[in-house]
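Below is one structure, written out as structure tokens; comments come after it.
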Amino acid sequence: SCFVYFNPSTMSKFAASCIAGLLLPVLVSTFCVSPQTSSQPLQFAITPSTSLRSATSDDTSLLETQASNLESALEACRQDIAKTCKVAVGVSSSAGSGLRMGLIATSNIRKGETVLSIPHDERFELTAETAKKVVFKGILKDSYEGWSGDTGLIALQLLNEVARTAGSGGGVPLPTRPAALQSFMDAWVQALPSPNELDHPLLWSEEDQEILQSSSNTKIYRVLDDLEEDANWLIENVFSKDRTKFPETVLFNGQEIPCFNVQGFTWAMALTQSRSVFVDASLRLVPLMDFMNHDDDAKEITDGTMGTFGTVRGSQLVAHKAYKEGEEVFCSYGPKSAADYLLEHGFCPPQAWKTAVSEISVEVDSEDRFYDDKLDILEFETYD
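If you read the sequence shown in the numbering used here, its first letter stands for residue 4, the second for the next number, and so on.
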């Protein structure tokens, strides 16, 4: 093992990626990263990018208005969305330099109680299956397999929701919903951070992305190449054929933002990566539940049964501790490396700093008589 000591007070967001990858030319696979106990705690360690905003009075007012609108819309269809709901959307007061939304306890919650349970429902839950078999059925072939996988399909469905909310005939009007449920989805979309508000590696400058690429074993260029290839294919084969349904830009909270183009798809990918959960063997973007912020000590969102007879499957969160009314409720985003947290969520929580993984590059001599066998092994056991 190699122990690496650093001074958190001198670190930028790129230092997170450096520690996450540590691509040193040494033959070790795991590094234990230990911050000096005399240094100040990391100020950016718990700053989820799922809804980061600059902390100005205007932003606070906007966030409060959006949270209130979402709560009002939820109240009109709460029985359709949540089987158990002991939280409300509000402005997060958790540590960090950004302003964002969170879920706030509406009553005292005991440790072990179900805080929020939402059934699987294609009318509002975004999944790759719903994107292919419902929203884009007949538009995308059944055989369509994008390089960005399920994340890309959910991002595509998310853009469709953005276009539907913007109006003017944009988006595919599927899945069909009652008026109250559509109003909730509109309010949810409007509460999402815009491309300018979201601090996520996929939206960083090229210079910053280059630093991340060279310092992390989770390669951002690979993700960017995949999403750009998918976006360009979709533009050529789907979007450009009907720009009324698939507009390049839409109005979003009074500002024009990219939608069905490379920039819009990149934004949707960043949102999907940072807000989705893997439940019941599928990646899912669950409106309302996606506003829950991270805490290392909290429990993960898991699958569960709910309803009067316990026969309905869905996503749920169980409280890892007691919460008082008015306190923010947290979940854990799961056991991931610092590199994965940074690339997927745009931040590195304290727990992820304890270990990091290095990358080792090897070459096989093309003249080696076992060249093909060795290459097969390397391709099977590694990313490239």
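For glycine and all other residues, C-beta sits at the position ideal for the given N, C-alpha and C.
All values derive from a computational prediction rather than experimental measurement.
{"Query": "Under a three-way DSSP split, which group does Ile142 fall into?", "Result": "coil"}
{"Query": "What separation, rounded to the nearest whole angstrom, lies between the Cα atoms of Lys244 and Pro250?", "Result": "11 Å"}
{"Query": "Measuring only the C-alpha atoms, how far is Phe383 from Arg372?", "Result": "19 Å"}
{"Query": "By Cβ distance below 7 Å, which residues in the same chain neighbour Thr252 in space, the five residues on each side in sequence not counted?", "Result": "Glu259, Ile260, Pro261, Cys262"}
{"Query": "Is it buried or exposed for Leu381, if we count other Cβ within 10 angstroms and need 16 for buried?", "Result": "exposed"}
{"Query": "When we look at the beta-carbon of Lys114 and count the other beta-carbons within 10 Å, is it buried (16 or more) or exposed?", "Result": "exposed"}
{"Query": "Leaving aside the five residues before and after Thr117 along the sequence, list all residues of the same chain whose C-beta is less than 6 Å from its C-beta, in chain order.", "Result": "Thr87, Gln319, Val321"}
{"Query": "Please report the distance separating the alpha-carbon of Val367 from that of Ala166.", "Result": "49 Å"}
{"Query": "Thinking just about the alpha-carbon of each residue, which of Met188, Ser171, Asp343, Glu231 is nearest to the one in Pro178?", "Result": "Met188"}
{"Query": "When you compare the CB positions of Thr154 and Leu345, do they come within less than 8 Å of one another, or not?", "Result": "no"}
{"Query": "Which residues does DSSP list as the beta-bridge partners of Cys88?", "Result": "Leu119"}
{"Query": "Quick check: Thr305 and Val282, are their CB atoms within less than 8 Å of each other?", "Result": "yes"}
{"Query": "Could you tell me the distance, in whole angstroms, from the CA atom of Leu161 to the CA atom of Tyr336?", "Result": "20 Å"}
{"Query": "Count Cβ pairs between the stretch 144-153 and the stretch 339-353 that sit closer than 8 Å; are there 3 or more?", "Result": "no"}
{"Query": "What three-state label does DSSP hand Ser218 in the structure shown?", "Result": "helix"}
{"Query": "Identify every run of the alpha helix (DSSP H) within the stretch 296-373, keeping only runs that are complete inside it and at least 4 residues long; order them along the chain.", "Result": "341-348"}
{"Query": "Measure from the alpha carbon of Gly329 to the alpha carbon of each residue in Ala91, Gln216, His348, Ala271, then state which is nearest.", "Result": "Ala91"}
{"Query": "Would Lys248 pass as a contact of Val175 if the rule is Cβ separation under 8 Å?", "Result": "yes"}
{"Query": "Which term fits Gly257, buried or exposed, when burial requires 16 or more other beta carbons within 10 angstroms of its beta carbon?", "Result": "exposed"}
{"Query": "Checking the sheet assignment: what are the DSSP bridge partners for Phe281?", "Result": "Leu286"}
{"Query": "Is the separation between the beta-carbon of Ile157 and that of Ala131 shorter than 8 Å?", "Result": "yes"}
{"Query": "Using 8 Å as the threshold, is the stretch 205-213 in touch with the stretch 266-274, meaning 3 or more CB pairs across them?", "Result": "yes"}
{"Query": "Could you check which residue in Thr109, Gly93, Ile112 has the C-alpha nearest to that of Arg103?", "Result": "Gly93"}
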